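Colleague: Pasting in a structure now, in structure tokens, and then I'll have a few things to ask.
Number of protein chains: 2
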Amino acid sequence: MVKINLQDKFSKFSEHWTPKVIAEMNEYQFKLVKIEGEFVWHNHSDTDEVFIVVEGKMFIEFESETIELNQGEMYVVPKGVQHKPYAEQECKVMLVEPKGVVNTGEVSGDLTAQNDIWI
Amino acid sequence: MVKINLQDKFSKFSEHWTPKVIAEMNEYQFKLVKIEGEFVWHNHSDTDEVFIVVEGKMFIEFESETIELNQGEMYVVPKGVQHKPYAEQECKVMLVEPKGVVNTGEVSGDLTAQNDIWI
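Structure below.
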């Protein structure tokens, strides 16, 4: 094991909405993603999903409300809950979720990223 | 669910080496801890443990090396690996590990903190 520097890892990619794995803990993965613009409505039917904002500002739209997350803030999206992340400007985010989770849940489309890509 | 602001949560306690739960994701917990001085040698025989430095500098001593972690850096201590965290000055850390993990592993002592305390 070596230590992991989040900003070093963020410097290794520029594309949006493509989570990159930086660490594994048991059967869970820590992923970094840069987001900008609107994602798709989706849910993860079998797991919660954690968002931690490392830099910038993002929003998560739910059916009944929209929450704003700034640097140093986190949110646990419960399993099965429909949500749509978006960011007006580029935002750097860490995700924590079980290995194997696909970014768009059960909605395949242009924004579905290849899974389990390490940087 | 409400969003969680890490610095707000850190402002709610001052004691060292007493992890406080701030969120749950499936059967895992996110905990905040302020550390200063030396902890005890211990290991967690059935789980990996993640350290993320939110502010300050800490060290994790292993049998064969010592690693230094600064703000924005993380480390996964593999299950069963003996380690001793320490910090020369107060350091704010986020831990991620399964619910039920005791801070001192199987070594009970003065530094063993009450488990599952939420803030």
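In order, the protein sequence lines correspond to chains P and Z.
Residue numbering for the first sequence follows this note's numbering, beginning at 1 and increasing consecutively.
Residue numbering for the second sequence follows this note's numbering, beginning at 1001 and increasing consecutively.
For every residue, glycine included, the Cβ atom is placed at its ideal position computed from N, Cα and C.
Quantities reported herein were computed from a predicted structural model and do not represent experimental measurements.
1. Would you give the residue range spanned by the alpha helix (DSSP H) that Z:Gln1007 belongs to?
2. What does a CB cutoff of less than 7 Å around Z:Thr1112 pick up in its chain, not counting 5 residues either side in sequence?
3. Do P:Ala23 and P:Met58 have their CB atoms nearer than 7 Å?
4. Based on the DSSP output, what are the partners of Z:Asn1070 in its beta bridges?
5. Specify, as a first and last residue, the run of the beta strand (DSSP E) that Z:Glu1036 falls within.
6. How about P:Tyr75: is its C-beta nearer than 7 Å to some C-beta of chain Z?
7. Quick one: is Z:Gly974 near chain P, going by C-beta distance under 7 Å?
8. Is P:Met1 helix, strand or coil when you go by DSSP?
9. Can you list, in chain order, the residues of its chain whose CB lies under 6 Å from that of Z:Val1004, leaving out five sequence neighbours each side?
10. Chain Z partners of P:Gln7, CB-CB under 7 Å?
11. Does the beta-carbon of Z:Lys1034 have 16 or more other beta-carbons within 10 angstroms, so that it is buried, or is it exposed?
12. If we ignore side chains and look at the alpha-carbon of each, how far apart do P:Gln114 and P:Met94 end up?
13. Of the choices Z:Asp1046, Z:Thr1066, Z:Val1053 and Z:Gln1029, whose alpha-carbon is the least far from that of Z:Lys1079?
14. Below 7 Å between beta carbons: does that hold for P:Phe128 and P:Tyr75?
15. Answer with buried or exposed for Z:Glu1097, where buried requires no fewer than 16 other C-beta atoms within 10 angstroms of its C-beta.
16. Can you tell me where the beta strand (DSSP E) holding P:Leu111 begins and where it ends?
17. Whole angstroms are fine: how far does the CA of Z:Val1077 sit from the CA of P:Gly72?
18. Quick one: which chain P residues come within Cβ less than 7 Å of Z:Met1025?
19. Output, in chain order, the set of chain P residues within a Cβ distance shorter than 7 Å of Z:Leu1069.
20. On the DSSP bridge assignment, give the partners of Z:Pro1098 in chain order.
21. In chain Z, which residues lie with their C-beta within 9 Å of the C-beta of P:Tyr86?
22. Quick check on P:Lys20: buried or exposed, where buried means 16 or more other Cβ atoms within 10 Å of its Cβ?
23. Judging by CA-CA distance, which residue of Z:Val1054, Z:Glu1055, Z:Glu1049 and Z:His1042 is the nearest neighbour of Z:Gln1029?
Modeller: Let's see:
1. Residues Leu1006 to Phe1010.
2. Val1102, Asn1103 and Thr1104, listed in sequence order.
3. In terms of Cβ geometry, P:Ala23 and P:Met58 do not form a close pair [threshold 7 Å].
4. Z:Asn1070 is bridged to Z:Lys1057.
5. From DSSP, the beta strand (DSSP E) with Z:Glu1036 extends over Tyr1028 to Glu1038.
6. At least one chain Z Cβ lies under 7 Å of P:Tyr75.
7. Beyond the ends of chain Z as shown, which are 1001 and 1119, falls residue 974 of chain Z; an answer cannot be given.
8. DSSP places P:Met1 in coil when its eight states are reduced to three.
9. The question names Val, but residue 1004 of chain Z is Ile in the sequence shown. The beta carbon of Z:Ile1004 is closer than 6 Å to those of Ile1022 and Ala1023 in its chain, skipping five residues each way along the sequence.
10. Near P:Gln7 (Cβ distances below 7 Å), the residues of chain Z are Gly1072.
11. Using a 10 angstroms sphere on the CB of Z:Lys1034, the tally of other CB atoms reaches 16 or more, which defines it as buried.
12. Roughly 17 Å between the two C-alpha positions.
13. Z:Asp1046 is the residue among Z:Asp1046, Z:Thr1066, Z:Val1053 and Z:Gln1029 whose C-alpha sits nearest the C-alpha of Z:Lys1079.
14. Outside the modelled stretch of chain P, which goes from 1 to 119, sits residue 128 of chain P, for which no answer is possible.
15. Here Z:Glu1097 is buried. Its C-beta has 16 or more other C-beta atoms within 10 Å.
16. Bounds of any beta strand (DSSP E) do not take in P:Leu111, whose DSSP letter is neither H nor E.
17. Pairing P:Gly72 with Z:Val1077, the inter-Cα distance amounts to about 23 Å.
18. Taking a Cβ-Cβ threshold of 7 Å, the residues of chain P close to Z:Met1025 are Asp48, Val50, Val76 and Val96, in chain order.
19. Scanning chain P for C-beta atoms nearer than 7 Å to the C-beta of Z:Leu1069 yields Lys3, reported in chain order.
20. Note: Z:Pro1098 sits in a beta bridge opposite Z:Tyr1028.
21. Going along chain Z, no residue has its Cβ under 9 Å from P:Tyr86, so there is no contact; the nearest lies around 15 Å.
22. Taking a 10 Å sphere around the C-beta of P:Lys20, we find 16 or more other C-beta atoms and assign the residue as buried.
23. With distances taken between CA atoms, Z:Gln1029 lies nearest to Z:Glu1049 out of Z:Val1054, Z:Glu1055, Z:Glu1049 and Z:His1042.
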